[in-house]
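Going down the list, the sequences are from chains A and B. For any residue, its number in this note's numbering is found by taking its place in the first sequence, counting from 1, and adding 677. For any residue, its number in this note's numbering is found by taking its place in the second sequence, counting from 1, and adding 908. Think of the CB as a built atom: it goes at the ideal place given N, C-alpha and C, for glycine as much as any other residue. Predicted model only: the values in this text are computed from it and were never measured.
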Amino acid sequence: MTRAAIIRKNAVALAPAPHLLDYAAERQRFSWDAVRSELGTMPGGGINIGWAAVDRHLGTPVRDHVAFRFLGRDAHRNALHNDSRRDITYAELARLTNRFANALRSLGVGRGDRVFLLASRIPELYIAALGALKNGSVLTPLFSAFGPEPIKTRMTIGACKVLITTEALYRRKVASIRAELPQLEHILLVGEGGARTSVPGTRDLATLMEAASDAFEAERMSTDDLALLHFTSGTTGTPKGAMHAHGAVVTHFATGRYALDLHPEDLFWCTADPGWVTGTSYGIIAPLLHGVTSLVDEADFDAERWYRLLQDEHVSVWYTAPTAVRMLMKAGPEVVKKYRFPELRFVASVGEPLNPEAVWWGAEVLGLPIHDNWWQTETGGIMIANTPAMDIKPGSMGRPLPGIDACIVRKTDAGFEEVIKADVEGELALRVGWPSMFRGYLNQEERYKKCFSGDYYLTGDLARRDADGYFWFVGRADDVIKSAGHLIGPFEVESALMEHPAVAEAGVIGKPDPMVGETVKAFVSLKAGYTANDELLMELLGHARKRLGAAVAPKEIAFLPSLPRTRSGKIMRRLLKARELGLPEGDTSTLEGGA
Amino acid sequence: MDEPTLRKTVFDTLRRIAPEVTPADLEPAVPLRDQVDLDSMDWLNFLIALHEKLGVDIPESDYQKLVTLDDVMGYLKARCG
């Protein structure tokens, strides 16, 4: 196969016909109000993401359709282990989420109260998420690979009132920080393999669910009422809680249609964990809005397992991430040879730019090119995408979806101005006004304001737009690290390292990695009396991992006699990175002497 | 290689990636990643390091067989002679 710069599409040959066929005409015709009326409002008025995703289907044939197919970790290991497979229809999901909402209400948890989730991809997580939304509570899913420190930070900022987690995760990650979380009133536990729990100071979720009624009327919310609080990382300071309102559901619906091209008969697999925004917007909400069946696999990545699931579960639309694609590529052609994917019709990827090789690999190995798309925690949904009917330029994130105006801006003395000329690098910006735009960073109004200039939301990503309107990612405008598609704030990592008595200063950078984009690398200098040796190195690594968890902790630590700082005392991560990569050091005029 | 030496090599390799682990606390029949925080990259690095230290080829298609410490030990024992 020749690898041309453009993968041409024959849109009329695609079946079912893509929702977004004529890009220009659809953009012209599009209005958010029309999507809003199509989605409708609750009987008696109001909107609720949980209602729109689940209860809205109850009067339709969709109610008997499978909403989620959950595969436990043992499913598919061999034929004898099929008991860890569970289908839940829309009607059943409505009853289960009602029970959960009633359980919350029985504890005095209501509208606006903060409900956090910390679990692997088990059914209870999905039921709790939707039940909490129906109850009008504000939902925050946390990544289960976080260590106690990131969990504590986020629960404190988010004023978490209720935590739903598993007994094992509670013991490993929460018990030790519980005393430091005075606002946390209730902890609901899921036992191992469905067993009941009896851990002092917690409640057993299954017992609460059993006692609760399966009838519940979802709370009527306004489009501006808070629904989701997703944490993301900045360069400095603590993580930011991006707030999303129930009105965001309109974007989830529209993007499920345009960017993922969901049709009623699809078997959809979003591989993202709900601990990250993709796993909530597209692992829970968007597919339900479209009444499709979602596959949820609890197991961690495994190349062979993933190919087997694509084949045996008849996945038709697959939404995954560049790191996973690269890991499949690395696994080699031998593994994939045994499998066929005749039902697979659309593959999309998000999290970080998908390299052209990976786009082509999809075309050659899966029989379908992979469609990159772009969005952020702050945007709440997919903004820029390669869609089924659109020609792909491998390496590009695609074009803005209907309803989204994107542009490149540059800083001027007066603020920011739009760059009209093609192929000029600048900051990617979006015109405000789409329904899932974040409504603020919790308790950080100044940081929120800084993200906007006039009518534009400034994304912090550097990009360029070509003459055909395709956008190309260039890099981050700040020091945030992007590892396996997830943002990691260097400050959070540095703070944890600084807590170790041997550490005098710490600077953390993203080190380029062919598999995960960037890995976290830390540089530390030691206090007097400590010697840089392998034993201390391992101690620091263990210290960081215990606090931060594997997803955030450094993969590599190096000692330096001292770290380069500006005269005002800020660690120059940019310089650490340039030195690590052997690049020119750039402007060092603010560097303090000696380092 | 005798079993205690092999076991020590496996633990030493694991501790280069996750130094916070106390080998005595690990349940050999429980999935390792339920007991130790290892993301996909850590796990991959663990298997690659075992391959480098022991010279045992671990093809990708076998990764799914390696879930518990017992799995890992059994797999390596059969191939270390």
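Collapsing the DSSP output to three states places Glu1169(A) in a helix. If you draw a straight line from the Cα of Ala822(A) to the Cα of Thr1265(A), it is about 37 Å long. Neighbours of Met1215(A) in chain B, taken as residues at a C-beta separation under 8 Å, are given in chain order as Arg923, Arg924 and Pro927.
For Asp1211(A) and Thr955(A), the gap between their C-alpha atoms comes out near 39 Å. With its beta carbon at least 8 Å from every one in chain A, Glu960(B) lies outside the interface.
One thing to note: Glu1169(A) has its Cβ no nearer than 8 Å to the Cβ of Thr1196(A). Here Ser890(A) is exposed: its Cβ has fewer than 16 other Cβ atoms, across all protein chains shown, within 10 Å.
Using a Cβ-Cβ cut-off of 8 Å, Asp974(A) does not count as an interface residue toward chain B, since no Cβ of chain B sits closer than that to its own. At a cut-off of 8 Å between beta-carbon atoms, Val1197(A) makes no contact with chain B. In the three-state scheme derived from DSSP, where H, G and I count as helix and E and B as strand, Cys1084(A) is classed as strand.
Under the three-state reduction of DSSP, Leu1253(A) is assigned to helix. Here Cys947(A) carries a strand assignment [DSSP, helix/strand/coil]. Look at the stretch 779-797 of chain A: it has no residue with a C-beta under 9 Å from a C-beta of chain B.
Ranked by Cα distance from Thr957(A), the options Leu906(A), Asp943(A), Asn1050(A) and Ala701(A) are led by Leu906(A). Residue burial annotation: Thr913(A) is exposed, with fewer than 16 other C-beta atoms found within 10 angstroms of its C-beta.
If only complete runs of 4 or more residues are kept, the stretch 1160-1245 of chain A shows the alpha helix (DSSP H) at 1167-1175 and 1211-1225, in order along the chain. For Tyr1134(A), the enclosing beta strand (DSSP E) has its first and last residue at Tyr1133 to Arg1142. Just so you know, the alpha carbons of Asp1082(A) and Ala936(A) end up roughly 15 Å apart.
Sorting Leu1237(A), Ala729(A), Leu1240(A) and Glu1171(A) by C-alpha distance to the C-alpha of Val927(A) places Ala729(A) at the top. Selection Lys1188(A), Leu1174(A) and Arg1222(A) evaluated against Lys1204(A) yields Leu1174(A) as nearest (Cα-Cα). Residues of chain B whose Cβ lies closer than 8 Å to the Cβ of Asp977(A) are, in chain order, Arg941, Ser948 and Trp951.
For chain B, the residues of the stretch 995-1020 of chain A that bring a beta carbon within less than 8 Å of one of its beta carbons are Thr1000, Met1004, Lys1007, Ala1008, Gly1009, Glu1011 and Val1012, in chain order. When the five nearest sequence neighbours on each side are left out, the beta carbons in the same chain lying within less than 8 Å of the beta carbon of Ala768(A) are those of Leu735, Arg740 and Asp741, in order along the chain. Cβ neighbours of Leu773(A) within its own chain (closer than 6 Å, five residues either side excluded): Ile804.
Assignment of Lys973(B) by DSSP, reduced to helix, strand and coil, places it in the helix class. Glu981(A) reaches chain B at Glu968, Ser969, Tyr971 and Gln972, counting residues in chain order whose Cβ is nearer than 8 Å. For Val1151(A) and Ala856(A), the gap between their C-alpha atoms comes out near 44 Å. Here the alpha carbons of Arg1022(A) and Ile684(A) stand approximately 16 Å from one another. Of the candidates Arg798(A), Thr833(A) and Arg849(A), the residue whose Cα lies closest to the Cα of Gly824(A) is Arg849(A).
Closer than 8 Å to the CB of Asp945(B) there is at least one CB belonging to chain A.
In the DSSP assignment, Glu1029(A) falls outside any beta strand (DSSP E), carrying neither H nor E.
For Ile1248(A), the three-state secondary structure derived from DSSP is strand. Within 7 Å of the CB of Lys829(A), no CB atom of chain B is found; the nearest one sits about 16 Å away. The beta carbons of Gly813(A) and Glu896(A) sit closer together than 8 Å. Interface criterion not met: the Cβ of Gly1166(A) is under 8 Å from no Cβ in chain B. Lys917(A) is bridged by DSSP to Thr909(A).
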